[in-house]
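Protein chains: 2
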Amino acid sequence: MITQRSREQQLKVGKFDLGMSARWLESRVRHTARRGALSPRESALAERFKLLKREAGSHSPSAPTLARMIPELRLRVDACFLSNPYATDLFLDYLHREVIRTGKLRRLLEFYPSQNRVIADKLSGAIGVPAEYLFVGNGAVEIIQAILHRFTGAKILVNLPTFSAYHEFVRSDTQVLYNVLPRENDFRFDPKPYLERVRREKPDTVVLINPNNPDGGYIPYATLVHLLEELRHVPNVILDESFIHFACEGDDYAYRSLSGEVDRFPNLMLVKSMSKDFGVAGIRAGYAVMAPQRVQSLLNNGYLWNSSGLAEYFFDLYSRPDFLIEYERKRVHYIRHSRRFFKALSLMPGLHAYPTCANFVLIELRNEMTAEDLVCRLLVRRGIYTRTCDDKKGLEPGKFIRVASRCRSENRFVLRAFRDIMR
Amino acid sequence: MITQRSREQQLKVGKFDLGMSARWLESRVRHTARRGALSPRESALAERFKLLKREAGSHSPSAPTLARMIPELRLRVDACFLSNPYATDLFLDYLHREVIRTGKLRRLLEFYPSQNRVIADKLSGAIGVPAEYLFVGNGAVEIIQAILHRFTGAKILVNLPTFSAYHEFVRSDTQVLYNVLPRENDFRFDPKPYLERVRREKPDTVVLINPNNPDGGYIPYATLVHLLEELRHVPNVILDESFIHFACEGDDYAYRSLSGEVDRFPNLMLVKSMSKDFGVAGIRAGYAVMAPQRVQSLLNNGYLWNSSGLAEYFFDLYSRPDFLIEYERKRVHYIRHSRRFFKALSLMPGLHAYPTCANFVLIELRNEMTAEDLVCRLLVRRGIYTRTCDDKKGLEPGKFIRVASRCRSENRFVLRAFRDIMR
């Protein structure tokens, strides 16, 4: 009888032994097959996934859609999805305790939610700006669409890479100019050439996403304020701070939003999704801070009941100190272990992880593997859902993937999978 | 000791007896005071309500907003709110059984819902039109706004009275023409003068609401089809069927939607709220049926994730036969007792109840009372929330209120209150 210990010795010896054991050889072949080409079944799943992804356009299908359309996939980690899962726990905890167990859910689902202005009033204290500066949105995408259709004119300047809604959803008579961030400099934003470009091309709208999606690049607060001073002549400055809760400049994990600067810069429109930091993408909640006459102009044209009852409940929570104190703990905890996760990924061979101040990391493959290969392999073999950036303007197709940080055990699982595959 | 029976005899006698009992007299005085002027406390509450109503613009504040802003009010019936409460019961029943108790709520709230097209696919079977004809909306108001801003040109023709979004949310360069429905003929829609007006004024968009809000007037299916034939030269015909589930032409409670006619009439855009018939205003769900190139034109400009996770779950239910069979029972039950409610109201002295095929009734006061008086009295004395139509274009201010049908016991409560007040 061969004990575990003796088998290990046998294997160790076997590496240098032409007469190595048949069982060890067989296991190596199987192992190589695992790391190598996909099996016919795996390939078939990968093809179905690619088809679904192509049909979803420039946004990835959600994990529930994926699970429904390809039920054979065993999804274990949704690292495509950019949200703090600990914050989702917190929201669900409040919802169960205060709404479901108390029988108050009916009220949220049966009746019309409050009108936009009433919800803005509630938000005002939490954000620290007067309600007339606030426009409440059914997710940030609704706000982006509203701004692009109502305020943007003939020319918009968008950095690349970017969140695609900023060039996809412009009016058909708006020309999109792209400012390509330098890959060789980790896609860092440089104000000098940017301002030169603005002066030269005279766009009526410029878009800054901070931290930027999909690379996580961050523009410090002081730089941004200086930039806004220089951009005073541009009619519309959109600043998307949807990932700002994950960015910290100092050691104290504090983040610095520019929402308080809108009265100084009347051309500034600050867009904020609540899906990422609060982990509630399914309830569709976002807001914008902009000059009161802009808010009024949007409200004059609709957006009356664009929040749902649950979104209103979320905004109620967001204005409560007890919720915010607990949320702050979740936020810091998430940032801490996300940083460790990104660090560990950056040390993997065969890839370059771009520096990030968001809750995701942009990875460039620097081996023979394509992004689609890696994403399919992670998905069909490990049940890890990540995202190729093949559809992202400004990124070389085939080489980039974006990986989100999830909860700690999920991140560990993702790291193990990367280690196995990238070896 | 005076028994109940002897007291009744005493009172009966008392009416014709100058020496009537002191206790009876006292009770009559109190009763008259109850029916008469509001007490200072009641007046103060009424003033706060009027202020809130004025601040809410041309839409009434929701009952939860009312309860929050004036907590001293004891709200018992929300007869301002146009929805089938039995359908709300049904939805909540499914939600608790299938989502909350099974722990699936997290999935609906954490993740992005499916994209617009995916939800349209699900809806397609239930509505009986191909998915490419379907645009899914965050409530009907979002769809109305989208149509008015994307397709309507220089001139829109709107019947009066109407749902105010159709004139409020037009673009600033759109001229609104009003076709006033004749009050003396119960606001009945007459195709002949309407078509003459259309030929003369050449609007690019016409709006028909069927049944109409706020009067509940109904245009039969055959009349509508004939009308659509005559309106083929108009670029945009908006048909709002948000209340169609409450309208029946025959004795079998079947309703007849024109959603299947959009391929015959490419200028037709059918708008449908799900808030009224399914009693789920708080989840914001609606859809439109329109030519595929129109749907595409809207989707090219956004509306990607405009449904919430709960709205998607509702649309899932809506496409399931088991749910629809149960819903059908709730619908018929609600229509049956709503009709009895409207009939009873129409027999009250001092008012005229307009004939309705919706789940509400427009009431014109034909006594010395003003609509605001009646609404305030119902609210502060009985906790019944109804709506004046003082803000409705095309209705003489001060004389009209709209009363929704609720569940049977609530309707009985409303009837008793009307009987007491209108006596």
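Line order of the protein sequences matches chains E and B. The numbering used here applies: residue 48 is where the first sequence begins, and numbers increase by one. The numbering used here applies: residue 48 is where the second sequence begins, and numbers increase by one. Note that the Cβ used here is the ideal one computed from N, Cα and C, for glycine as well.
> Going by Cα to Cα distance, which pick from B:160, B:235, B:128 and B:457 is closest to residue 263 (chain B)?
Replying inline: The sequence position of residue 263 (chain B) within the second sequence is 216, counting from 1. Nearest option by C-alpha distance: B:235.
>> Just list the residues that DSSP pairs residue 252 (chain E) with in beta bridges.
In response: As a first step, residue 252 (chain E) must be located in the first sequence, where it is residue number 205. Beta-bridge pairing links residue 252 (chain E) to E:203 and E:283.
> What is the DSSP secondary structure of residue 340 (chain B), reduced to helix, strand or coil?
Replying inline: Translated into positions along the second sequence, residue 340 (chain B) becomes position 293. DSSP places residue 340 (chain B) in helix when its eight states are reduced to three.
> If the cut is a Cβ gap below 9 Å, which residues of chain E does residue 135 (chain B) touch?
Replying inline: One-based indexing of the second sequence puts residue 135 (chain B) at position 88. What residue 135 (chain B) touches in chain E: 153, 156 and 157.
> How is residue 270 (chain B) classed by DSSP in three states: helix, strand or coil?
Replying inline: In the second sequence, counting from the first residue as 1, residue 270 (chain B) sits at position 223. Helix at residue 270 (chain B).
>> Residues of chain E with CB closer than 9 Å to the CB of residue 162 (chain B), please, in chain order.
In response: Sequence index remark: in the second sequence, residue 162 (chain B) carries index 115 (1-based). What residue 162 (chain B) touches in chain E: 103, 104, 106, 108, 109 and 112.
> Between residue 320 (chain E) and residue 329 (chain E), is the Cβ-Cβ spacing less than 8 Å?
Replying inline: For this step, residue 320 (chain E) is matched to residue 273 along the first sequence. For this step, residue 329 (chain E) is matched to residue 282 along the first sequence. For residue 320 (chain E) and residue 329 (chain E), no; Cβs fall outside 8 Å.
> Can you find a C-beta in chain B that's less than 8 Å from the C-beta of residue 189 (chain E)?
Replying inline: As a first step, residue 189 (chain E) is located in the first sequence; it is residue number 142 there, counting from the start. The Cβ of residue 189 (chain E) sits closer than 8 Å to at least one Cβ of chain B.
> Using the beta-carbon of each residue, which ones in chain B are nearer than 8 Å to residue 431 (chain E)?
Replying inline: Within the first sequence, residue 431 (chain E) is the residue found at index 384, counting from 1. By Cβ distance, chain B contributes nothing, its closest Cβ being about 16 Å from residue 431 (chain E), past 8 Å.
> residue 385 (chain E) versus chain B: which residues are under 9 Å apart at the beta carbon?
Replying inline: As a position in the first sequence, residue 385 (chain E) is number 338, starting the count at 1. Simply none; closest approach about 17 Å.
>> Is residue 327 (chain E) close to chain B? Criterion is C-beta to C-beta, closer than 8 Å.
In response: The sequence position of residue 327 (chain E) within the first sequence is 280, counting from 1. Taking 8 Å as the threshold, the shortest C-beta distance from residue 327 (chain E) to chain B falls below it.
> Is it right to say residue 140 (chain E) is buried, meaning 16 or more other beta carbons lie within 10 angstroms of its own, or is it exposed?
Replying inline: Walking along the first sequence from the start, residue 140 (chain E) turns up at place 93. With fewer than 16 other Cβ atoms within 10 Å, it is exposed.
> With a cut-off of 8 Å, does the C-beta of residue 357 (chain E) fall near any C-beta of chain D?
Replying inline: In the structure shown, chain D does not exist; the protein chains are E and B.
> Which residue from E:204, E:96, E:387 and E:127 puts its Cα closest to that of residue 248 (chain E)?
Replying inline: Mapped onto the first sequence, residue 248 (chain E) falls at position 201. That would be E:204, whose Cα lies nearest to the Cα of residue 248 (chain E).
> Which chain B residues are close to residue 120 (chain E), counting only those with a beta carbon under 7 Å from its beta carbon?
Replying inline: Locating residue 120 (chain E) in the first sequence gives position 73, counting from the first residue. Under the 7 Å cutoff, chain B gives no residues; its nearest Cβ is about 15 Å from residue 120 (chain E).
> What residues of chain B sit near residue 192 (chain E), judged by a beta carbon separation below 7 Å?
Replying inline: What you label residue 192 (chain E) is simply residue 145 of the first sequence in a count that begins at 1. The contacting residues are 348 and 349.
> Which term fits residue 340 (chain E), buried or exposed, when burial requires 16 or more other beta carbons within 10 angstroms of its beta carbon?
Replying inline: Here residue 340 (chain E) refers to the residue found at position 293 when the first sequence is read from its first residue. Classification of residue 340 (chain E): exposed, given that the 10 Å Cβ count is below 16.
>> With three or more C-beta pairs closer than 8 Å as the rule, is the segment 295-313 of chain B touching the segment 265-273 of chain B?
In response: yes
> Does the beta carbon of residue 186 (chain E) sit closer than 8 Å to a beta carbon anywhere in chain B?
Replying inline: On the first sequence, position 139 is the one that residue 186 (chain E) refers to. Chain B contact via Cβ: present.
> Where do the N-terminal and C-terminal ends of the alpha helix (DSSP H) with residue 374 (chain B) fall, by residue?
Replying inline: Reading the second sequence from its first residue, position 327 is the one you call residue 374 (chain B). Segment 368-393, the alpha helix (DSSP H) holding residue 374 (chain B).
>> Please classify residue 274 (chain E) as buried or exposed, where buried requires at least 16 other C-beta atoms within 10 Å of its C-beta.
In response: Working through the first sequence from its first residue, we reach residue 274 (chain E) at position 227. By the neighbour-count rule (16 or more Cβ atoms within 10 Å), residue 274 (chain E) is buried.
> Is residue 132 (chain E) buried or exposed, if buried means 16 or more other CB atoms sit within 10 Å of its CB?
Replying inline: Taking the first residue of the first sequence as 1, we reach residue 132 (chain E) at position 85. Burial call: buried.
> Which word fits residue 372 (chain B), buried or exposed, when buried means at least 16 other C-beta atoms lie within 10 angstroms of its C-beta?
Replying inline: Here residue 372 (chain B) corresponds to residue number 325 of the second sequence, with the count starting at 1. Exposed, by the Cβ-count rule.
>> I'd like to know whether the C-beta of residue 341 (chain E) is nearer than 8 Å to at least one C-beta of chain B.
In response: For this step, residue 341 (chain E) is matched to residue 294 along the first sequence. Residue 341 (chain E) does not count as touching chain B.
>> Here's the rule: buried if 16 or more other CB atoms are within 10 angstroms of the residue's CB, otherwise exposed. What is residue 453 (chain E)?
In response: The residue labelled residue 453 (chain E) in the question sits at position 406 within the first sequence. Per the 10 Å Cβ criterion, buried.
>> If I measure Cβ to Cβ from residue 122 (chain B) and keep anything under 7 Å in the same chain, skipping five residues before and after, which residues do I get?
In response: Translated into the one-based positions of the second sequence, residue 122 (chain B) becomes position 75. 110, 113, 114, 430 and 432.
> Rounded to the nearest angstrom, how far is the Cβ of residue 419 (chain E) from that of residue 435 (chain E), given a contact under 8 Å?
Replying inline: Translated into the one-based positions of the first sequence, residue 419 (chain E) becomes position 372. Translated into the one-based positions of the first sequence, residue 435 (chain E) becomes position 388. The Cβ separation is near 5 Å, so the contact holds.
>> Can you pull the chain E neighbours of residue 130 (chain B), defined as C-beta to C-beta under 8 Å?
In response: Along the second sequence, read from residue 1 onward, the residue named residue 130 (chain B) stands at position 83. By Cβ distance, chain E contributes 157.
>> Give me the residue from E:230, E:233, E:231 and E:241 with the minimum Cα distance to residue 224 (chain E).
In response: Looking up residue 224 (chain E) in the first sequence gives position 177. Nearest of E:230, E:233, E:231 and E:241 to residue 224 (chain E), Cα basis: E:241.
>> Just checking: is the beta-carbon of residue 353 (chain E) within a distance shorter than 8 Å of some beta-carbon in chain B?
In response: Start at 1 with the first residue of the first sequence, and residue 353 (chain E) comes out as number 306. At least one chain B Cβ lies under 8 Å of residue 353 (chain E).
> Since residue 45 (chain E) meets chain B, which of its residues come closer than 7 Å, beta carbon to beta carbon?
Replying inline: Past the edges of chain E, shown from 48 to 470, lies residue 45 (chain E), and the structure says nothing about it.
> Which chain E residues are close to residue 216 (chain B), counting only those with a beta carbon under 7 Å from its beta carbon?
Replying inline: The residue you call residue 216 (chain B) lines up with position 169 of the second sequence. Residues of chain E with a Cβ closer than 7 Å to the Cβ of residue 216 (chain B) are, in chain order, 348 and 349.
>> Taking CB distances under 8 Å as the criterion, tell me whether residue 330 (chain B) reaches chain E.
In response: As a working note, residue 330 (chain B) is residue 283 in the second sequence. Yes, contact with chain E.
> Mind checking if residue 166 (chain E) is an interface residue toward chain B, Cβ cutoff 8 Å exclusive?
Replying inline: Numbered from 1 along the first sequence, position 119 holds the residue referred to as residue 166 (chain E). No, because no Cβ of chain B sits closer than 8 Å to the Cβ of residue 166 (chain E).
> Roughly how many whole angstroms lie between the Cα atoms of residue 441 (chain E) and residue 208 (chain E)?
Replying inline: For this step, residue 441 (chain E) is matched to residue 394 along the first sequence. For this step, residue 208 (chain E) is matched to residue 161 along the first sequence. Near 5 Å, if we compare the C-alpha coordinates of residue 208 (chain E) and residue 441 (chain E).
> Counting only runs that start and end within the segment 160-219 of chain E, where is the beta strand (DSSP E) found for 3 or more residues in a row?
Replying inline: 181-184 and 202-207
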